[in-house]
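Read through the structure below, which is laid out as structure tokens, and then see the notes.
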Amino acid sequence: MLEMTREELEELVAEALDRIPPELTRLMDNVAVFVEDEPPADDPELLGLYEGTPLTDRGEWYAGVLPDRITIYRGPTLRMCETREDVVAETEVTAVQDTPSYTSFVGLLPVG
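Sequential numbering of the sequence shown, starting at -10, is according to the numbering used here.
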């Protein structure tokens, strides 16, 4: 298992977020990303979790609310990755998949 502190992982998560395409980051509105040690006991291999209101469900009522939350889980991520670059790549994938706008974003990807 790859070893690193939470602070080191937070730095790699920031690096991964910087690599997300601008087409998606423009859609990431009111979202905070956190690092936690382990996922819930009922899903020990969970790499990340989105909690909030997807863009497709936001209406006129969506104002003044707390940010949505993407949690990256340190334990499972480090257990599956062999290098720091693996962590960055896996975190990038996890963050994109857990983005509240992911379902909207898929239709915006350029073809070819």
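By construction, the Cβ of each residue, glycine as well, lies at the ideal position given by its N, Cα and C atoms.
Exercise for the section: Count the other CB atoms, across all protein chains shown, that sit within 10 Å of the CB of A3; report buried if there are 16 or more and exposed otherwise. Expected result: Around the CB of A3, fewer than 16 other CB atoms lie within 10 Å, so the residue is classed as exposed.
Handout entry: Meets three-Cβ-pair contact criterion under 8 Å: the stretch 22 to 35 and the stretch 60 to 70
Key = yes
Practice task
Kindly indicate which three-state DSSP category L38 falls into: helix, strand or coil?
Solution key: strand
Exercise for the section: Could you pull out every residue in the same chain whose Cβ sits closer than 6 Å to the Cβ of V77, ignoring the five residues on either side in sequence? Expected result: L1, E4 and A5
Practice task
Could you spell out the range, first to last residue, of the beta strand (DSSP E) harbouring T83?
Solution key: Run containing T83: none in the beta strand (DSSP E); it sits in the alpha helix (DSSP H), R73 to Q86.
Exercise for the section: Quick one: grab the DSSP three-state call for R8. Expected result: coil
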